[in-house]
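S.K.: Here the sequence shown is numbered in my numbering, starting from 75 and rising by one per residue.
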Amino acid sequence: MLTVLDLEFNQAYDFGDDSSTAEPNPKCRFEIIQIGAVKVDDHFKVQDKFNIYIKPTLYPRIHPYVEKITGFKTEDFSFSPRFKEAYSKFRYFLGNDIVLGTWGYSDIKALFRNITFNDIMEPPIIINYVDIQKIATKYLKYNRGGAIGLKNAVDALNITIDENKHFHNALGDAYYTAKVLETINPKELPIRIFNSKHIK
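Here's what the structure looks like:
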């Protein structure tokens, strides 16, 4: 069963006081603060969902731009679990025979960096994944200087917006990514292999 994944991140920002981390850590520039995922069946219909918010510890205050696009505030994460606990729950949700569907490649790299930074696994880490953004870009013949954005793909495919599911929210984006896949309904999924030994 394919699991469509989306992540939201925080990053370094200089707030001008001791409560912030001004310089990014090169080993983990983007700290995961939300994991959202949906499992889909063979027809790409949503069967199950997962959502968890994660207390940022590397960059403890929410970056102003992250706050602007997500609506998240620092205090929203006061009682959230840290990454190790959250990831453990996510792995339980995934089960075995994992193939992840993502919008682009960046979430896979960020997931790897957060896993290794938190000493959960040692590389190399191998992840089977499907780049749904590439599928949508090709299907929609999008050629405006790169890959199509999720919101533009949803609009182009006339997918109904659910007022309870928001863009720039990991669960909302995972849901809409799955809806894009369901609408396109590809006959085959081009499964790629992420191998962390190729990441510098």
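From the three backbone atoms N, C-alpha and C, an ideal C-beta is built for every residue, glycine too.
Under 8 Å, with one C-beta from each stretch per pair, do the segment 249 to 263 and the segment 85 to 97 reach the 3-pair mark?
M.R.: With a cut-off of 8 Å, the segment 85 to 97 and the segment 249 to 263 do not count as touching, because too few Cβ pairs lie within range.
S.K.: Give the straight-line distance between the Cα atoms of K158 and L245, rounded to the nearest whole angstrom.
M.R.: For the purposes of this step, residue 158 is taken as residue 84 along the sequence shown, with counting starting at 1. For the purposes of this step, residue 245 is taken as residue 171 along the sequence shown, with counting starting at 1. Near 19 Å, if we compare the C-alpha coordinates of L245 and K158.
S.K.: Going residue by residue through the segment 149 to 198, where are the continuous alpha helix (DSSP H) segments of at least 4 residues, counting only ones entirely within it?
M.R.: Counting only runs of 4 or more, we get 157 to 168, 180 to 191.
S.K.: Where F164 and V112 are concerned, what is the direct C-alpha to C-alpha distance, given to the nearest angstrom?
M.R.: Reading the sequence shown from its first residue, position 90 is the one you call residue 164. Reading the sequence shown from its first residue, position 38 is the one you call residue 112. The straight-line gap from Cα to Cα measures roughly 11 Å.
S.K.: Which stretch, first to last residue, makes up the alpha helix (DSSP H) that contains E97?
M.R.: Counting from one through the sequence shown, the residue named residue 97 turns up at place 23. Careful: E97 lies outside any alpha helix (DSSP H) and carries neither H nor E.
S.K.: Just to confirm before moving on: does the CB-CB distance between I200 and I267 stay below 9 Å?
M.R.: In the sequence shown, counting from the first residue as 1, residue 200 sits at position 126. In the sequence shown, counting from the first residue as 1, residue 267 sits at position 193. Closer than 9 Å, so yes.
S.K.: Taking only three categories from DSSP, how would you classify I258?
M.R.: Here residue 258 refers to the residue found at position 184 when the sequence shown is read from its first residue. Reduced to three states, the DSSP call for I258 is helix.
S.K.: For V228 and F118, what's the separation of their Cα atoms in angstroms?
M.R.: Along the sequence shown, read from residue 1 onward, the residue named residue 228 stands at position 154. Along the sequence shown, read from residue 1 onward, the residue named residue 118 stands at position 44. Their Cα atoms are separated by approximately 15 Å.
S.K.: With 16 as the cutoff for other CB atoms within 10 Å, does Y139 come out buried or exposed?
M.R.: Numbered from its first residue, the sequence shown carries residue 139 at position 65. By the neighbour-count rule (16 or more Cβ atoms within 10 Å), Y139 is not buried but exposed.
S.K.: Are the beta-carbon atoms belonging to A248 and D115 less than 9 Å from one another?
M.R.: On the sequence shown, position 174 is the one that residue 248 refers to. On the sequence shown, position 41 is the one that residue 115 refers to. No, the pair does not count as a contact, with Cβ atoms beyond the cut-off.
S.K.: Do G175 and L255 have their C-beta atoms closer together than 9 Å?
M.R.: Your numbering for residue 175 matches position 101 in the sequence shown. Your numbering for residue 255 matches position 181 in the sequence shown. Yes.
S.K.: State the Cα-Cα distance for the pair K123 and G110, rounded to the nearest angstrom.
M.R.: As a working mapping, residue 123 is identified with position 49 in the sequence shown. As a working mapping, residue 110 is identified with position 36 in the sequence shown. Their backbone Cα atoms lie some 8 Å apart in a straight line.
S.K.: Would you kindly work out how many angstroms separate the C-alpha atoms of K129 and F151, rounded to a whole number?
M.R.: For the purposes of this step, residue 129 is taken as the residue at position 55 of the sequence shown. For the purposes of this step, residue 151 is taken as the residue at position 77 of the sequence shown. Straight-line Cα distance between these residues: approximately 5 Å.
S.K.: According to DSSP, is T234 helix, strand or coil?
M.R.: As a first step, residue 234 must be located in the sequence shown, where it is residue number 160. Note: T234 maps to coil in three-state DSSP.
S.K.: Roughly how far, in whole angstroms, is the beta-carbon of Q207 from the beta-carbon of G169, given that I think they are within contact range, below 8 Å?
M.R.: For the purposes of this step, residue 207 is taken as residue 133 along the sequence shown, with counting starting at 1. For the purposes of this step, residue 169 is taken as residue 95 along the sequence shown, with counting starting at 1. Not really, about 25 Å apart at Cβ, beyond 8 Å.
S.K.: So what does A111 bridge to, in DSSP terms?
M.R.: Taking the sequence shown and counting its residues from 1, one reaches residue 111 at position 37. DSSP, once it has assigned bridges, lists L79, F124 as partnering A111.
S.K.: Check this for me: beta carbons of V173 and Y127, under 9 Å apart or not?
M.R.: Indexing the sequence shown from 1 puts residue 173 at position 99. Indexing the sequence shown from 1 puts residue 127 at position 53. No; because the gap between Cβ atoms is not below 9 Å, this pair is not in contact.
S.K.: Helix, strand or coil: which one does DSSP assign to Y203?
M.R.: Stepping through the sequence shown from its first residue, residue 203 is reached at position 129. Strand, per DSSP.
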